[in-house]
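The numbering of the sequence shown is the UniProt record's numbering, which starts it at 1 and goes up by one.
Backbone N, C-alpha and C fix where the C-beta goes; we use that ideal spot for every residue, glycine too.
To keep things clear, I will list the structure first and then write my remarks on it.
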Amino acid sequence: MPPVTEDDFAWFDAAPSGAPLPTTEPRPAAEPVAMLDWDALAARVAGCTSCRLCEKRTNTVFGVGDREADWMLIGEAPGENEDKQGEPFVGQAGKLLDNMLQSLALKRGENVYIANVIKCRPPGNRNPEPDEVARCEPYLQRQVALVKPKLIVALGRFAAQTLLKTDASIASLRGRVHAYEGVPVIVTYHPAYLLRSLQDKSKAWADLCLARDTFRQAESADAIGPAGQ
């Protein structure tokens with residue numbers, strides 16, 4: 001092999017002094033969650049890696065039902081069955097929820113949309129951590145904005161406390177009309193809790209009656225509209 005000489009590097013001198021260095025195109029910023037349509041929102045949730053819950057999930061649980069529903073039911077987070085199937089409120093708790101809806105002359109998928117505060121299952125069904133809620137709640141806020149429900153039913157303590165930004169007990173939150181993003185909210189027990197605490201089913205029925213009455217009032221107000229004011 002011949003020795004290397006200075007002439008072998010002469011091409012360095014011929015290179016333009018102002019030649020630009022190769023650059024990497026910046027990745028476009030992700031569109032804000034608040035601007036996403038249904039398909040884009042579902043895709044964002046399906047690919048979300050914003051918190052540690054993504055590490056052990058089987059499926060994200062986006063939500064299910066009528067996307068123009070008057071009723072929106074919001075629970076805490078997916079359990080084991082929901083994580084496997086990718087749908088909220090399945091198994092025995094889901095069957096009880098369907099019965100609760102039937103008592104109101106409602107049916108899953110017809111004028112009802114069901115979602116959770118958290119879209120991935122927390123390990124061991126533990127309560128979600130505050131940072132997990134902070135990263136996931138914008139998805140729920142966008143779902144509420146897209147559905148435009150006339151009434152929200154918060155199912156269980158965690159969902160109620162998250163929606164209403166309070167540490168109050170579910171006992172103190174029941175029996176009153178609250179609001180989330182300008183939508184009336186009724187608080188009741190989670191179906192899974194009711195399966196373990198049959199004595200509270202009568203209280204849950206009272207909550208459902210309040211929800212029905214509140215919904216009727218909201219419907220009446222919409223029917224009257226600005227012209228009737």
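Apart from the 5 residues on each side of it in sequence, H190 sits with its Cβ closer than 6 Å to the Cβ of L155 and G156 in its chain, given in chain order.
DSSP places K107 within a strand segment (E or B) once states are collapsed to three. As computed with DSSP, Y189 is found in no beta bridge at all. Taking 7 Å as the cut-off, the Cβ atoms of I114 and P128 do not count as close. Counting along the chain, no beta strand (DSSP E) covers A69, and no H or E run does either. The straight-line gap separating the alpha-carbon atoms of G65 and E80 is approximately 20 Å. Between E181 and V144, the CB-CB gap stays under 7 Å. It is roughly 24 Å from the alpha-carbon of K95 to the alpha-carbon of L163.
Residue range I170 to L173 is occupied by the alpha helix (DSSP H) that includes I170. With three or more CB-CB distances shorter than 8 Å, the region 32-43 counts as touching the region 134-149.
Apart from the 5 residues on each side of it in sequence, E132 sits with its Cβ closer than 8 Å to the Cβ of C51, R52, L53, I118 and P122 in its chain, given in chain order.
Annotated as distal: K107 and A218, with beta-carbon spacing of 7 Å or more. Here V61 is not near Y139, since their CB atoms are 7 Å or more apart. For A160, the three-state secondary structure derived from DSSP is helix. Residue environment analysis places C120 among the buried positions, since at least 16 neighbouring C-beta atoms fall within 10 angstroms of its C-beta. Per DSSP, N81 lies in no beta strand (DSSP E) segment; the continuous alpha helix (DSSP H) that holds it begins and ends at E80 to Q85. The three-state reading of DSSP puts L41 in helix, counting H, G and I together. Short of 7 Å from the beta carbon of K56, and not among the five residues preceding or following it, lie these beta carbons of its own chain, in chain order: P123. Pairing A134 with A69, the inter-Cα distance amounts to about 25 Å.
When C-beta atoms of the region 171-181 are compared with those of the region 80-91, fewer than three pairs fall below 8 Å, so the two segments do not count as touching.
Under a 10 Å Cβ-count criterion, T188 is classified as buried, with 16 or more other Cβ atoms of the shown protein chains found around its own Cβ. Secondary structure note for L155: it is in no alpha helix (DSSP H), and the uninterrupted beta strand (DSSP E) holding it is L151 to L155.
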